[in-house]
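What follows is a short report on a single structure.
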Amino acid sequence: MAPSWWQAWPIRPGPPSRAVADSLQPVPEAIPSYSSVIAPAQRVSVPTARSDVASVQIGEPTPSAGVSVRRRFDLALLLVVLGAAVRIWQWALGHSFWLDEQLIALNLRKYSLAQLAGEQDNGTGAPLGWAWLERLILQTLGEGERALRLPSLVFGVAILVVAWWIGRRWLGQLGGAALVTMFAVNPSMVIYSEQLKHYSADVLWVLLLLALAGLVVEEPRSKRRILGFWAVAAIGLWFSMGALLIVPGLALVLGFQAVIRHGWRATLPHLPAGLGYVASFLLHYQLSLRHTVGNSYLTSVWSSVGYPPDSAGLRLTFTWFWGQLRALGENPLGLAGPGMSKLFWLLALGGLLMALWHRLEFGLLLALPLVSAVLLSLLHLVPLAVRLALWVVPVLFIAVASCIAAGAALIGRAWRERHREQRWQSSAKLGLGTLAIAGLLVTIPMAGQTSAIVRGEQDMDDRGAIHWMIEQRRPGDLVLLVSAAGRAAAWFDPEGRLNPARGVVSVPAGPECDPQGLAKATAGYRRVLAYAGVRYMPYNETYQVLRDRLAELGEIKQTQRFGKLGLVYVVELTGQPSTRVASDCIIV
1152 MAPSWWQAWP
1162 IRPGPPSRAV
1172 ADSLQPVPEA
1182 IPSYSSVIAP
1192 AQRVSVPTAR
1202 SDVASVQIGE
1212 PTPSAGVSVR
1222 RRFDLALLLV
1232 VLGAAVRIWQ
1242 WALGHSFWLD
1252 EQLIALNLRK
1262 YSLAQLAGEQ
1272 DNGTGAPLGW
1282 AWLERLILQT
1292 LGEGERALRL
1302 PSLVFGVAIL
1312 VVAWWIGRRW
1322 LGQLGGAALV
1332 TMFAVNPSMV
1342 IYSEQLKHYS
1352 ADVLWVLLLL
1362 ALAGLVVEEP
1372 RSKRRILGFW
1382 AVAAIGLWFS
1392 MGALLIVPGL
1402 ALVLGFQAVI
1412 RHGWRATLPH
1422 LPAGLGYVAS
1432 FLLHYQLSLR
1442 HTVGNSYLTS
1452 VWSSVGYPPD
1462 SAGLRLTFTW
1472 FWGQLRALGE
1482 NPLGLAGPGM
1492 SKLFWLLALG
1502 GLLMALWHRL
1512 EFGLLLALPL
1522 VSAVLLSLLH
1532 LVPLAVRLAL
1542 WVVPVLFIAV
1552 ASCIAAGAAL
1562 IGRAWRERHR
1572 EQRWQSSAKL
1582 GLGTLAIAGL
1592 LVTIPMAGQT
1602 SAIVRGEQDM
1612 DDRGAIHWMI
1622 EQRRPGDLVL
1632 LVSAAGRAAA
1642 WFDPEGRLNP
1652 ARGVVSVPAG
1662 PECDPQGLAK
1672 ATAGYRRVLA
1682 YAGVRYMPYN
1692 ETYQVLRDRL
1702 AELGEIKQTQ
1712 RFGKLGLVYV
1722 VELTGQPSTR
1732 VASDCIIV
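For the sequence shown, the working numbering gives the first residue as 1152, with consecutive numbering after it.
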């Protein structure tokens, strides 16, 4: 096996690799194997300060190399199974689509495969290949939640498998287990593995491209590996925005390595494959991406949270960036409290610096995507916020897992050399290693949030509410929907059985406020069925205001709850509305 990414922990047996050994200029040293269950392997120790971190094992892949479940317990593989089980369980529950999913689903129902290449309704945007896949599933498997969420589930489980493979090849048992654990218990990874969103595809393709780039770094002259990287990149950009964003940085690293180690001619194998990638990007941009990039609604939504202020100076920009690190710690990283967030970022920084120190190319594979993310945000091109920052999460998780794995290697080395070193040296290594391994604590708040998601009740059950109102509706009823819930009615009631249905929103007292507006809208009707669904409104008090105004117009006969937040009011109108001037009112 080629050397570990960071050359910071020994993992794998196998015959020596002359190319890798020559590049590192090692001095052979006889070192016993780490346990009786790992086959003896040739190891080397670099005679510099770097060798204090861990011994480096040099070897080529063999059928018996790496983690073998027949020879020792594979904790990371068990975590893959558990993480997949959680995702399958959540998917099998078949929760109702929520607002964002409904917007995407409406486009999938409305547009053909050819029409999906154009501008979409509802201010949505997604990679065209992903949209085509979902449209084909809608046509073949139907419009059910489980059917349309199936690709997200498959991508989500595949993330765990790729993370396990990366850990097995480069990070060792503890580092690999840490990497898989972070992906398995991260709440964002679980959520987007069972939603009609493309974010699980984003993470999968980014992780896969990082792994393929690592293989090219191991063997920079391998045409098969070069072609594999560029082919996956060309395909991935049709399914993942993250794949599109990470490729430039990875390509720079691969080109840099080729030129530095073997001269500019070594870049020639990259050219035809790279041109194929560029052609794929240009086609995707012409068909779809230009509509997403030029979407004024999406730009306005994300500009307030994902970009620094337009006129911000250096100090204000730094303050904004520091705040973004804290915000990213909460979402999408799922870290509770500033303490865990700081620990995570310190571990990520430590893993990144270690990678740069021990093997520059591997370190750059992690560093350049992070630099790209910051620059794209500073240039107001790609927001560095919440789910739109998910594409950098694989990079951060690998960096943290690298730091944890190096900590384990430090402890192992300190223990083996405890009789040959001074006590303070062994103590320092043990201390640093223990601090690094303590980074596993960051998975605790992630697991806590994921556990709450799995055990918790759905916030809103739009499907149940709409179907219940269809069953309850009588002639002479008026259906009122808090504005955003209109999308739920459009998706779950395509035949229009709830008509007449009207949207409502509350406004404060002022020129737009007509205290008798709701009374006028309900005149001539016997009952009102009002659904206060998605709480995504300009005025969050709409739900209470709606209930108060309805109580003035009649008697609330029934209140039916759907999920934790969804409410349906059944109101018998009295025909004698209150003449009181409301402090705020409902616009119908």
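Where is the CB? At the ideal position from N, CA and C, for every residue including glycine.
Does the distance from the C-beta atom of residue 1276 to that of residue 1446 stay below 8 Å?
Against the sequence shown, residue 1276 aligns to sequence position 125. Against the sequence shown, residue 1446 aligns to sequence position 295. Cβ atoms of residue 1276 and residue 1446: closer than 8 Å.
State the DSSP-derived secondary structure class of residue 1376, mapped to helix, strand or coil.
In the sequence shown, the residue the question calls residue 1376 occupies position 225. Correct three-state label for residue 1376: helix.
Going by the beta-carbon positions, is the gap between residue 1535 and residue 1524 smaller than 8 Å?
For the purposes of this step, residue 1535 is taken as the residue at position 384 of the sequence shown. For the purposes of this step, residue 1524 is taken as the residue at position 373 of the sequence shown. Result yes, Cβ atoms of residue 1535 and residue 1524 sit closer than 8 Å.
Please give the ranges of any beta strand (DSSP E) in the region 1321 to 1369, keeping only runs that are unbroken, at least 3 residues long and fully inside the region.
none
Euclidean distance between Cα positions of residue 1460 and residue 1495:
Position 309 of the sequence shown, counting from 1, holds the residue named residue 1460. Position 344 of the sequence shown, counting from 1, holds the residue named residue 1495. Rounded to whole angstroms, residue 1460 to residue 1495 spans 26 Å at the Cα level.
Does residue 1701 come within less than 8 Å of chain B when only Cβ atoms are used?
Looking for chain B here will not work: only one protein chain is present.
Thinking just about the alpha-carbon of each residue, which of 1530, 1521, 1532 and 1561 is nearest to the one in residue 1549?
The sequence position of residue 1549 within the sequence shown is 398, counting from 1. Of the candidates 1530, 1521, 1532 and 1561, the one whose C-alpha sits nearest the C-alpha of residue 1549 is 1521.
If you draw a straight line from the alpha carbon of residue 1544 to that of residue 1538, how long is it in whole angstroms?
For the purposes of this step, residue 1544 is identified with residue 393 of the sequence shown, where counting begins at 1. For the purposes of this step, residue 1538 is identified with residue 387 of the sequence shown, where counting begins at 1. The alpha-carbon atoms of residue 1544 and residue 1538 are separated by roughly 10 Å.
Contact under 8 Å by Cβ, residue 1720 with residue 1698:
Translated into positions along the sequence shown, residue 1720 becomes position 569. Translated into positions along the sequence shown, residue 1698 becomes position 547. With contacts defined by Cβ atoms closer than 8 Å, residue 1720 and residue 1698 form a contacting pair.
To the nearest angstrom, report how far apart residue 1366 and residue 1304 are at their CA atoms.
For the purposes of this step, residue 1366 is identified with residue 215 of the sequence shown, where counting begins at 1. For the purposes of this step, residue 1304 is identified with residue 153 of the sequence shown, where counting begins at 1. Cα-Cα distance, rounded: 27 Å.
Under 8 Å, do residue 1700 and residue 1627 count as touching if we go by C-beta distance?
By 1-based counting over the sequence shown, the position of residue 1700 is 549. By 1-based counting over the sequence shown, the position of residue 1627 is 476. Annotated as distal: residue 1700 and residue 1627, with beta-carbon spacing of 8 Å or more.
Measure the alpha-carbon distance for residue 1443 versus residue 1591 and round it to whole angstroms.
As a working note, residue 1443 is residue 292 in the sequence shown. As a working note, residue 1591 is residue 440 in the sequence shown. It is roughly 38 Å from the alpha-carbon of residue 1443 to the alpha-carbon of residue 1591.
Do you know offhand how far residue 1350's Cα is from residue 1227's?
For the purposes of this step, residue 1350 is identified with residue 199 of the sequence shown, where counting begins at 1. For the purposes of this step, residue 1227 is identified with residue 76 of the sequence shown, where counting begins at 1. Roughly 23 Å between the two C-alpha positions.
State the DSSP-derived secondary structure class of residue 1684, mapped to helix, strand or coil.
For the purposes of this step, residue 1684 is identified with residue 533 of the sequence shown, where counting begins at 1. Of the three classes helix, strand and coil, the one that applies to residue 1684 here is coil, per DSSP.
Rounded to whole angstroms, how far is the Cβ of residue 1630 from the Cβ of residue 1651, which I believe are closer than 8 Å?
Here residue 1630 corresponds to residue number 479 of the sequence shown, with the count starting at 1. Here residue 1651 corresponds to residue number 500 of the sequence shown, with the count starting at 1. Confirmed, Cβ separation roughly 7 Å.
Per DSSP, residue 1710 is paired with what?
For the purposes of this step, residue 1710 is taken as the residue at position 559 of the sequence shown. DSSP output for residue 1710 lists 1720 as bridge partner(s).
Three-state secondary structure (DSSP) of residue 1666:
Locating residue 1666 in the sequence shown gives position 515, counting from the first residue. Of the three classes helix, strand and coil, the one that applies to residue 1666 here is coil, per DSSP.
When the distance is taken between beta carbons, is residue 1396 closer than 8 Å to residue 1542?
Taking the sequence shown and counting its residues from 1, the one referred to as residue 1542 is at position 391. Taking the sequence shown and counting its residues from 1, the one referred to as residue 1396 is at position 245. Cβ distance < 8 Å, so residue 1542 and residue 1396 count as in contact.
Pull up the distance between the alpha-carbon of residue 1472 and that of residue 1306, whole angstroms please.
Here residue 1472 refers to the residue found at position 321 of the sequence shown. Here residue 1306 refers to the residue found at position 155 of the sequence shown. Using only the alpha carbons, I get a separation of about 31 Å.
Are there 16 or more other CB atoms within 10 angstroms of the CB of residue 1555, so buried, or fewer, so exposed?
For the purposes of this step, residue 1555 is taken as residue 404 along the sequence shown, with counting starting at 1. Per the 10 Å Cβ criterion, buried.
Going by Cα to Cα distance, which pick from 1357, 1601, 1265 and 1386 is closest to residue 1428?
Taking the first residue of the sequence shown as position 1, residue 1428 is located at position 277. Taking only the C-alpha atoms, the option nearest residue 1428 is 1386.
Beta strand (DSSP E) containing residue 1654: first to last residue?
For this step, residue 1654 is matched to residue 503 along the sequence shown. Run containing residue 1654: 1652 to 1659, per the beta strand (DSSP E) assignment.
Starting from the C-beta of residue 1672, find all residues in its chain whose C-beta is less than 7 Å away, skip the five residues before and the five after it, and write them out in chain order.
One-based indexing of the sequence shown puts residue 1672 at position 521. These residues qualify, in order along the chain: 1653 and 1739.
Is the beta carbon of residue 1641 closer than 8 Å to that of residue 1682?
Taking the sequence shown and counting its residues from 1, the one referred to as residue 1682 is at position 531. Taking the sequence shown and counting its residues from 1, the one referred to as residue 1641 is at position 490. No. Outside cutoff.
Taking the straight line between their C-alpha atoms, what separation do you get for residue 1604 and residue 1301?
Along the sequence shown, read from residue 1 onward, the residue named residue 1604 stands at position 453. Along the sequence shown, read from residue 1 onward, the residue named residue 1301 stands at position 150. Spanning the two alpha carbons is a distance of roughly 19 Å.
Which first and last residues belong to the beta strand (DSSP E) in which residue 1629 is found?
Looking up residue 1629 in the sequence shown gives position 478. Residue 1629 -> beta strand (DSSP E) spans 1628 to 1633.
Kindly indicate the opening and closing residues of the alpha helix (DSSP H) around residue 1285.
Mapped onto the sequence shown, residue 1285 falls at position 134. Run containing residue 1285: 1279 to 1292, per the alpha helix (DSSP H) assignment.
Classify residue 1272 as buried or exposed, calling it buried when 16 or more other Cβ atoms lie within 10 Å of its own Cβ.
Position 121 of the sequence shown holds residue 1272. Around the beta carbon of residue 1272, fewer than 16 other beta carbons sit within 10 angstroms, so the residue counts as exposed.
What residue range does the alpha helix (DSSP H) around residue 1545 cover?
Sequence index remark: in the sequence shown, residue 1545 carries index 394 (1-based). Element bounds for residue 1545: 1544 to 1567.
Assumed close pair residue 1408, residue 1512 - CB separation to whole angstroms, cut-off 8 Å:
In the sequence shown, residue 1408 corresponds to position 257, counting from 1. In the sequence shown, residue 1512 corresponds to position 361, counting from 1. Correct: roughly 5 Å between the Cβ atoms.
Given a threshold of 16 other Cβ atoms within 10 Å of its Cβ, counted over all protein chains shown, does residue 1435 qualify as buried or as exposed?
The count along the sequence shown starts at 1 and reaches residue 1435 at position 284. Buried, since its Cβ has 16 or more Cβ neighbours within 10 Å.
From 1348, 1457 and 1404, residue whose alpha carbon lies closest to that of residue 1510:
Sequence index remark: in the sequence shown, residue 1510 carries index 359 (1-based). The candidate whose alpha carbon is nearest that of residue 1510 is 1404.
Going along the chain, which residues of its own chain have a beta-carbon closer than 6 Å to the beta-carbon of residue 1694, five neighbours each way excluded?
As a working mapping, residue 1694 is identified with position 543 in the sequence shown. The residues are 1683.
By a C-beta neighbour count over all protein chains shown, 10 Å radius and 16 as the cutoff for buried, is residue 1533 buried or exposed?
Taking the first residue of the sequence shown as position 1, residue 1533 is located at position 382. So residue 1533 ends up on the buried side.
With a CB to CB cut of under 8 Å and the five nearest residues on each side skipped, what residues in its chain are close to residue 1426?
The residue labelled residue 1426 in the question sits at position 275 within the sequence shown. Closer than 8 Å at Cβ, skipping near neighbours: no residue.
Start-to-end residues for the alpha helix (DSSP H) that takes in residue 1258
Your numbering for residue 1258 matches position 107 in the sequence shown. That run of the alpha helix (DSSP H) goes 1250 to 1261.
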